[in-house]
Each structure stands twice: as structure tokens, then as C-alpha cells.
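According to the working numbering, the sequence shown is numbered sequentially starting from 8. Glycine included, each C-beta is placed from N, C-alpha and C at the ideal position. All values reported here derive from a predicted model rather than from experimental measurement. Step one of this worksheet: look at the structure below.
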Amino acid sequence: MKVVNMVLTSDIRTGESVDDAQLRQFKIFNAVDFNCIRPLLNRCRKECLDSGAVLLRPELGNDSMYLLLSGRVSISLESLDSAPLLELGPGECLGEMSVFDGRKPSAYVSVIEPSEILVLDSHILWQMIDSSHSLCRNLLRFLSDRLRSGNDLMTITRCKEKEQQHAANSDALTGLNNRRWLQEYIASLDDRSLSDIMPLAVLMVDVDRFKLYNDHYGHQSGDLVLQMVARTIRQSLRPSDSVARFGGEEFIVFLPFTPVKQAEVVAERLRSAVERCQIAPDHAQSLPSVTVSLGISTVNSSETVDAAIERADQALYLAKKGGRNRYVIQLF
Numbered sequence: 008m009k010v011v012n013m014v015l016t017s018d019i020r021t022g023e024s025v026d027d028a029q030l031r032q033f034k035i036f037n038a039v040d041f042n043c044i045r046p047l048l049n050r051c052r053k054e055c056l057d058s059g060a061v062l063l064r065p066e067l068g069n070d071s072m073y074l075l076l077s078g079r080v081s082i083s084l085e086s087l088d089s090a091p092l093l094e095l096g097p098g099e100c101l102g103e104m105s106v107f108d109g110r111k112p113s114a115y116v117s118v119i120e121p122s123e124i125l126v127l128d129s130h131i132l133w134q135m136i137d138s139s140h141s142l143c144r145n146l147l148r149f150l151s152d153r154l155r156s157g158n159d160l161m162t163i164t165r166c167k168e169k170e171q172q173h174a175a176n177s178d179a180l181t182g183l184n185n186r187r188w189l190q191e192y193i194a195s196l197d198d199r200s201l202s203d204i205m206p207l208a209v210l211m212v213d214v215d216r217f218k219l220y221n222d223h224y225g226h227q228s229g230d231l232v233l234q235m236v237a238r239t240i241r242q243s244l245r246p247s248d249s250v251a252r253f254g255g256e257e258f259i260v261f262l263p264f265t266p267v268k269q270a271e272v273v274a275e276r277l278r279s280a281v282e283r284c285q286i287a288p289d290h291a292q293s294l295p296s297v298t299v300s301l302g303i304s305t306v307n308s309s310e311t312v313d314a315a316i317e318r319a320d321q322a323l324y325l326a327k328k329g330g331r332n333r334y335v336i337q338l339f
């Protein structure tokens, strides 16, 4: 890839004039009297760049503004090999920020098809600004538009990142948080953040005899059961509570600021709600309801969240062993 730095070396035609029609495609020349700046324009140079040339890069200083007369360039932030942020065509300006703030470029600008540019060195640009109020106003408007576009692009990028993160942390079937989210959540609970939400109760929830149900009524019906249970759990919790699909037909619930007595109330509410709930009433096949078993534990100040989860899992095992459709508490 050809790197262009300061003085461009490909087909320089210094002193060749640029006709007014070419200049009028640039918003910065809107309503500008060219007679005021013609001598300065004639001191600018026209240059041709081949595909692959690099016009700007953050490692190198820049002291010119470039007007793209023809061709196309790409803008990349991280490296020349990273995906382009956007592409620009004729009528666009490049490098102006370096001229105005005296800092290195913030992005890579590379040529993606043969291009022709007009180079306005900084001392010429400043003289143009002094000579034309219209050009000065247009530059302010241009910079404002570019700043707003940058802000809009940043907002869109952040929204996409949030969507991608949500997709990465969500279970595709139930829409609940997944195991990846659970691992990150547990890792985020250091001593200080954990103390801020104590007492913290942990509930393990498991659909009773789910394998038999799945085998008898089919995987599609089993999926409906899991979706119903997930929906019922989510609707029964407070905004501050969290729930994730632990795996298979098992779910885990975190209840901040919840002592064990209140956790019992939540567990019974969940158990009862699932037992009463119909599974896809508009389904062609009549599907029987299901029940869930629950294990309850609380996080002690001297232990880890993983230890509390393990105890909740042991309590769940006892609830299954004790007849299912019930909850068991395991505190120590």
C-alpha cells in the first residue's frame, strides 16, 4: 500500500487552475466570491492519487486541507486493515481538523479509486479565511455538520454494540440472560458490590420431569414449556431481580435485598404461578401443565456467590427427592 505523507508524489500538476464548476461542488465555497480568493486558489496544487495511496494517518502530522475533486476515499479508525467507517466522494473535505487544532489526524484516509485532490496548505487556507467572510461562515457550518454527523455515528455505533452485547448475553429460546451473562454477573460481584445488595437470595428453579414431557409431547412442546416458565418467572420478579437460564430446564434467580423469609414468599409465588399456567392455549394439541421445584439459599458475608449457588442446587435436589412441586431451603 502506497503511503502519502505531506508532499504527494503522483502526477503533481502545480499551478493548474481549477474551474469554478469543480469548486462549487464544495459547500465551503457556497456564495463565495472567487475573485477575492482567486490568487490564493491559483497557488494551490492539484494532485492525482492512485488506488491504495494513504492520504492521512494518525502517526504522521498533517498541515493541509484536501478537497476531493474526483474519485473515492475510505475512512478507518483503528488501522488501515480495519473495516472502513465510511466512504467519501467528490465534494468532500479532508484533513481540516489537523489544520485547525494543530494535532495529528484522528483517522486513516486511503484512496479506494483513482482520485484527484486540491491541496490547500494551512497558510493559504488561513489567508482565504481572512479574505472571505462567506468562506469563514461556510467552514463553521461545515465543521458543525461534521461534528453532528460524528455524534450521530457514535450513537448508532453504541446502539449496535448494545444490541450485539444483548444478543451475546441472551438465551435464544427464552429471551432470558444466558450462562455467559451469569458468569460475567458473578465475576462482577466483588466484596464491595456484593455488600451493597445484601442480603442476596439465590433460587434454583427446575421443571419437574421435563425429559419425560419432552420425549412424550415432542421438542416443540418442550420449548413452549420452557418459554412459559421463563415468562412466568420474569413476570413474578422485581426490576432489581435477575434471572438466567442455567442450562436445559434449569433457571437461576438472584434476589437482592431479600432475606430468606421473603425469598420463601417469592419461591412459593413462582411455584404456584407455574402450576396454574396454561401452556400455549391456542396450540392445536392439548398440553398438560407442568410444575417446578425450587432450591433456596442466601449469600453469607464470609463466602462466595458460587458457594450459595451450590447450596441452592443442593436444596433443589432435596426438593426433587422430596416429591417435586415444592421448595427447600439450604442455608448452611
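Does the Cβ-Cβ distance between residue i and residue j come in under 8 Å?
i    : j    : result
F261 : S249 : yes
G78  : S122 : yes
L142 : I82  : no
D137 : S71  : no
L101 : Y73  : yes
L277 : I336 : no
V297 : V281 : yes
N37  : N145 : yes
S177 : N185 : yes
L75  : E99  : yes
S151 : V39  : no
A174 : R187 : no
Q234 : L180 : yes
Please name the residue in the options whose C-alpha comes closest to that of residue i.
i    : options                   : result
V80  : D70, R50, P91 and S86     : P91
I286 : F253, D230, S141 and L132 : D230
P65  : S117, C100 and L47        : S117
M205 : L154, S293 and T305       : T305
P6   : A175, L132 and S113       : Lying outside 8 to 339, the shown extent of the chain, residue 6 is not represented and no answer is given.
V106 : E94, N69, A114 and G98    : N69
D57  : I124, D26, E99 and D88    : I124
S200 : D178, G182, P263 and V297 : P263
Y192 : A251, E103 and G102       : A251
L294 : R110, R155 and G225       : G225
P97  : K34, V39 and E85          : K34
V25  : A174, R238 and C51        : C51
G331 : H140, V299 and F253       : Note that residue 331 is Arg in the sequence shown here, rather than Gly. Looking at the Cα atoms, V299 is the closest of the given residues.
E85  : L95, P112, A314 and C166  : P112
V61  : L48, N49 and L87          : L87
S309 : S202, T265 and V126       : S202
F253 : D222, R283 and Q190       : Q190
L154 : M104, H130 and Q32        : M104
L183 : L48, D197 and R238        : R238
N49  : Q32, L67 and D27          : D27
F339 : G109, Q269, Q321 and A270 : Q321
Given 7 Å as the limit, tell me if residue i has its C-beta closer than that to any heavy atom belonging to the ligand PLP.
i    : result
R199 : What this structure holds is no ligand at all, so the ligand PLP is not there to describe.
Compute the beta-carbon to beta-carbon distance between residue i and residue j, rounded to the nearest angstrom, for a pair I have assumed lies under 8 Å.
i    : j    : result
V212 : F258 : 4 Å
E170 : F217 : Contact flag wrong, Cβ pair sits at about 31 Å.
V209 : I316 : 6 Å
L160 : A114 : Incorrect: roughly 12 Å between the Cβ atoms, too far for contact.
V214 : V236 : 6 Å
I303 : Y324 : I303 to Y324, Cβ: 13 Å. No contact.
Provide the residue span of the alpha helix (DSSP H) that contains residue i, from first to last.
i    : result
S293 : Careful: S293 lies outside any alpha helix (DSSP H) and carries neither H nor E.
E271 : V267 to R283
D137 : S129 to S138
C43  : F41 to L48
A322 : V312 to K328
A28  : D27 to L30
If I follow the unbroken beta strand (DSSP E) through residue i, where does it start and stop?
i    : result
I303 : V299 to T305
I336 : Y334 to I336
Every unbroken beta strand (DSSP E) inside the region 212–256 [3 residues or more]:
249–254
Taking only runs of the alpha helix (DSSP H) that begin and end inside the region 152–213, which ones reach a length of at least 4 residues, in chain order?
Under the rule that a run must span 4 or more residues, the alpha helix (DSSP H) segments found entirely inside the region 152–213 read 186–195 and 198–202.
Kindly provide the ranges of any alpha helix (DSSP H) runs that are 4 or more residues long and lie completely inside the region 53–115, ordered along the chain.
103–108
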